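Chains as they are written, first to last, in the working numbering: chain B, -4 to 114; chain S, 28 to 140.
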């Protein structure tokens, strides 16, 4: 058990709908990350928050958005869903945020993921 | 940009065989290197890590050495078990705007009794 909690574990929804995935980081971790795992794209970084502020953005679609709340939990909102959005969405957390080019050995711990199926 | 390349799978071994999964990286700085494992139907678990050149990470009988001269971080285990069947991901920590982790495509390992 990594200490990162994600809900729901499984979700089936129709095209065009909107869903919200929730993540509680490990106790004491300030950074939250969202990753998408799909068969064709592999593991892709979506977005990172540190202590409530967006710190890094990856391949996140405009239809997707995220936020980190004052209690440090995070939500990933996926809207206007398409069949291709079906994937396993991981949340991860770490104690800190590493600036570019700095090797801090910062370890990122992953939750068990939320399986999203769009039909 | 920074990237990770790991050997294509699937890899099928018999129990007690020796395992090597190759991983090489490209990075402008000096990243930390990680192996994560994903067991069937589960999330990603950190298997081991190394934060500087010549460091050896080890866990559950798995080892990997950070080789700066060959930009490699190959995963090895002397005697695999059926329970090691999983997908293994090599990753590097890039920091900053790259979200800290860049993953390889994963290598699926199947161990037969």
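Even for Gly, the Cβ is constructed at its ideal location relative to N, Cα and C. Quick caveat, the model's predicted, so the values are computed rather than measured.
key: Partners in chain B for residue 69 (chain S), counting only beta-carbon separations shorter than 9 angstroms   = 107 and 108
message = So, with DSSP's three-state summary, where would you put residue 111 (chain B)?
response = strand
ask   = Taking Cβ positions only, does residue 229 (chain S) come closer than 9 angstroms to chain B?
value = Absent from the structure is residue 229 (chain S), since the part of chain S shown begins at 28 and ends at 140.
ask   = Between residue 41 (chain S) and the rest of its own chain, which residues show a CB-CB distance below 6 angstroms, the 5 nearest in sequence each way excluded?
value = 139
ask   = What do you get for residue 57 (chain B), buried or exposed, if any count of 16 or more other CB atoms within 10 angstroms of its CB means buried?
value = exposed
ask   = How many Å lie between residue 50 (chain S) and residue 133 (chain S) at the Cα?
value = 10 angstroms
request  = Would you please state the rounded distance, in angstroms, between the beta carbons of residue 106 (chain S) and residue 35 (chain S)? I believe it to be under 8 angstroms.
outcome  = Rounded, the Cβ-Cβ distance is 23 angstroms, inconsistent with contact.
task = Quick one: grab the DSSP three-state call for residue 110 (chain S).
result = helix
Of the listed residues B:-4, B:20, B:13 and B:39, nearest to residue 65 (chain B) (C-alpha basis) = B:20
Same chain, Cβ closer than 6 angstroms to residue 39 (chain S), neighbours up to 5 away in sequence not counted = 137
task = Note the first and the last residue of the continuous beta strand (DSSP E) segment covering residue 39 (chain B).
result = 37 to 45
message = For the structure I just gave you, are there three or more beta carbon pairs, one from the stretch 75 to 89 of chain B and one from the stretch 103 to 113 of chain B, closer than 8 angstroms?
response = yes
message = Please report the straight-line C-alpha distance between residue 116 (chain B) and residue 97 (chain S), rounded to a whole angstrom.
response = Given that chain B is displayed from residue -4 to residue 114, the structure contains no residue 116 (chain B) and the question cannot be resolved.
task = Would you mind working out which of B:108, B:-3, B:47 and B:48 sits nearest residue 38 (chain B), comparing C-alpha positions?
result = B:108
ask   = Are the C-beta atoms of residue 83 (chain S) and some chain A residue less than 9 angstroms apart?
value = Any reference to chain A falls outside this structure, whose protein chains are B and S.
Supposed close pair residue 91 (chain S), residue 77 (chain S) - CB separation, criterion 8 angstroms = 7 angstroms
inquiry  = If distances are taken between C-alpha atoms only, which option among S:93, S:62 and S:32 comes closest to residue 87 (chain S)?
reply    = S:62
request  = Please state if the CB of residue 52 (chain S) and the CB of residue 82 (chain S) are separated by a distance shorter than 9 angstroms.
outcome  = no
query = Does the count of Cβ pairs from the stretch 4 to 11 of chain B and the stretch 21 to 29 of chain B closer than 8 angstroms reach three?
reply = no
query = So, does the CB of residue 40 (chain B) fall closer than 9 angstroms to a CB anywhere in chain S?
reply = yes
query = What's the gap between the Cα of residue 53 (chain B) and the Cα of residue 104 (chain S)?
reply = 33 angstroms
Beta-carbon neighbours of residue 100 (chain S), restricted to chain B and to distances below 9 angstroms = Here the premise fails: no neighbours, minimum Cβ distance about 14 angstroms.
inquiry  = Tell me the residue span of the beta strand (DSSP E) that contains residue 49 (chain B).
reply    = 48 to 52
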